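Asks: The following block contains the structure, expressed as structure tokens.
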Amino acid sequence: NAGVTQTPKFRVLKTGQSMTLLCAQDMNHEYMYWYRQDPGMGLRLIHYSVGEGTTAKGEVPDGYNVSRLKKQNFLLGLESAAPSQTSVYFCASSYPSSGPISYEQYFGPGTRLTVT
Amino acid sequence: DQQVKQNSPSLSVQEGRISILNCDYTNSMFDYFLWYKKYPAEGPTFLISISSIKDKNEDGRFTVFLNKSAKHLSLHIVPSQPGDSAVYFCAASANSGGSNYKLTFGKGTLLTVNP
């Protein structure tokens, strides 16, 4: 049981380049999330999904797109990276499909992205 | 508008003493509160939670207190250990309001426990 995994762990992009961050969870969770963490800003929600095939905007969605084609995967895309997107990105999941209801979110290890 | 506030960016305590981390919230719809712990270069890990129907929840060395009238919660760690040194995030959700899938996080408090 790996929990929540993120790929890649580190990445350096040039301004204007694109990339996709992959999140996978093996806990059969219904909900998945993408956050960014910046110094002094805490965790801010970018996009989230409450089920396969559904996505919604969070607090800071501009410049990002997401897709959830499979229940266990949640992809975060940057179409044209900007220096302001330099951050640490965390994926999380919650709400098991079966068993006791729980709203605790379980986080991946993070992706450190630098845009130059 | 910051709905979950952790007004102390950092806290330093001696090993063996009590650590008290504070959190205030403004949204009266919040009815479920959580504390997360984060080490450098790792993702946040769930520590302890409390529902608004309770005013205290205890798990080993960790106790969370909730004061609904003051919209305030606190995390007590007794006794504090050097391994507790980490950033602690307070988070809240509005389960009865239909937004149970979203958490609102505070900015975090860096706890340093000195040997």
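Chains as they are written, first to last, in the working numbering: chain Z, 1198 to 1313; chain A, 661 to 775.
Each residue gets a CB set at the ideal place from its N, CA and C atoms; glycine is no exception.
All of these numbers come straight from a predicted model, not from anything done at the bench.
Please determine, among Z:GLY1237, Z:GLY1260, Z:VAL1285, the residue with the shortest C-alpha to C-alpha distance to Z:GLY1274.
Replies: Z:GLY1260
Asks: Could you say which of Z:THR1212, Z:VAL1263, Z:THR1217, Z:TYR1230 lies nearest to Z:GLY1305 if we only look at CA atoms?
Replies: Z:TYR1230
Asks: Counting contacts by CB-CB distance shorter than 7 Å, is A:TYR761 in contact with chain Z?
Replies: yes
Asks: Residues of chain Z with a CB under 7 Å from the CB of A:LEU694: which are they?
Replies: GLU1301
Asks: Between the Cα of A:PRO704 and the Cα atoms of A:LEU671, A:VAL773, A:GLY766, A:PRO775, which residue gives the shortest distance?
Replies: A:GLY766
Asks: Verify the CB distance criterion: does A:PRO775 have a CB-CB separation below 7 Å to chain Z?
Replies: For A:PRO775, the answer is no, since every Cβ of chain Z falls outside 7 Å of its Cβ.
Asks: Give me the residue from Z:TYR1300, Z:THR1251, Z:ALA1278, Z:GLN1269 with the minimum Cα distance to Z:ARG1208.
Replies: The residue from Z:TYR1300, Z:THR1251, Z:ALA1278, Z:GLN1269 with its alpha-carbon nearest to that of Z:ARG1208 is Z:ALA1278.
Asks: Specify, as a first and last residue, the run of the beta strand (DSSP E) that A:TYR748 falls within.
Replies: 746 to 754
Asks: Can you name, in chain order, every residue of its own chain whose Cβ lies under 8 Å from the Cβ of Z:PRO1280, other than the five neighbours on each side?
Replies: THR1212, VAL1312, THR1313
Asks: Look at A:LEU707 and A:LYS698 and say whether their C-beta atoms are less than 7 Å apart.
Replies: no
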